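Those letters in the sequence shown? Residues 10 to 220, per this note's numbering, in order. Using N, Cα and C, we set each Cβ at its ideal position, and we do this for glycine too. Just so it is clear, the structure is predicted and the values come from calculations on it, not from any experiment.
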Amino acid sequence: MSNNLSAPNGPGRPKDLAKRQAILDAAKILFLSHGYANTSMDAVASEAGVSKLTVYSHFNDKETLFSAAVVAKCEEQLPPLFFELPEGIAVENVLLNIARGFHHLINSDESVNLHRLIMALGVQDPKLSLIFFEAGPQRMVQGMERLLTQIHDSGVLSIDLPRNAAEHFFCLIKGAGNFRLLYGCGEPLSEEASESHIEEVVGLFMRAYKP
10 MSNNLSAPNG PGRPKDLAKR QAILDAAKIL FLSHGYANTS MDAVASEAGV
60 SKLTVYSHFN DKETLFSAAV VAKCEEQLPP LFFELPEGIA VENVLLNIAR
110 GFHHLINSDE SVNLHRLIMA LGVQDPKLSL IFFEAGPQRM VQGMERLLTQ
160 IHDSGVLSID LPRNAAEHFF CLIKGAGNFR LLYGCGEPLS EEASESHIEE
210 VVGLFMRAYK P
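Here it is as structure tokens:
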């Protein structure tokens, strides 16, 4: 997908940005509650309180809107700032913050419902799975890869293959608990259990890539 999918096509005035946000909020609600095929641009316009023309002025088509809605959902929990390495902040604390945000994101009701929707849609239309993957999981892995490259260059950790390490990090954070949620045979971890899991994974990651 091109990088301009999540950017407004029209002027960036406050009124335009407010309408765009209303459209995104409506899209997230409708895609999750009714599915992709049953969510029309008309329905999104009605839910957002704007005209259909306004929806199309910000998002060229339904695929673009779906992609932007996934990006927006991810950035609610993991904004781009999370993948930066602030001066004076310990690497372990940066990783802990990312892990907490990601763990909360993937185990939220919205995320679980979205993943179930994508798994069902992917069988019928693999293109939708690709849109979701590029807008959500791939964006986060790329952000993490860039961060781990910075960490490697700083000498705090030795990470020869940052892309692989990024994927390992997120898979470890997901753990078996997320699979149980997706299958409908488990309950979300308590706050205490979540923090214990996150600290264990980050500690393991730090030891694995210790210089």
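- Taken through DSSP and simplified to helix, strand or coil, Gly186 comes out as helix.
- Excluding sequence positions up to five before and after Leu74, its CB lies within less than 6 Å of the CB of Ala36, Phe68, all in the same chain and listed in chain order.
- Going by beta carbons, Leu123 and Lys82 fall inside the 9 Å limit.
- Under the three-pair Cβ rule at 8 Å, the stretch 175-186 counts as touching the stretch 210-220.
- For Ser167, the number of other beta carbons within 10 angstroms of its own is below 16, and it is reported as exposed.
- In the structure shown, Val53 adopts helical secondary structure according to DSSP, grouped into three states.
- Secondary structure at Ser167: coil, using DSSP grouped into helix, strand and coil.
- Beyond the five residues adjoining it in sequence on each side, Phe141 comes within less than 7 Å, by CB distance, of Val79, Ile127 in the same chain, given in chain order.
- When rounded, the separation of the alpha-carbon atoms in Val53 and Val150 is 30 Å.
- For the set Ala174, Leu191, Ser55, Leu198, the Cα lying nearest the Cα of Phe214 is the one of Ala174.
- DSSP places Tyr65 in the helix class (H, G or I) of the three-state scheme.
- The C-beta distance from Glu119 to Leu41 rounds to 6 Å, short enough to fall under 8 Å.
- Under the three-state reduction of DSSP, Pro135 is assigned to helix.
- A straight line joining the alpha-carbon of Lys136 with that of Glu72 spans about 9 Å.
- Pairing Val103 with Leu94 gives a Cβ-Cβ distance under 9 Å.
- Rounded to whole angstroms, Leu39 and His206 show a C-alpha spacing of 33 Å.
- Out of Val121, Tyr65, Gly110, Ser76, the CA that lies nearest to the CA of Leu190 is found in Val121.
- At a Cβ-Cβ threshold of 9 Å, Pro171 and Thr158 count as neighbours.
- Just so you know, the alpha carbons of Tyr45 and Asp51 end up roughly 13 Å apart.
- No Cβ-Cβ contact shorter than 9 Å links Gly58 with Ala77.
- Here Leu156 is not near Ile98, since their CB atoms are 9 Å or more apart.
- For Glu196, the closest alpha carbon among the candidates Lys28, Glu56, Glu204, Asn116 is that of Asn116.
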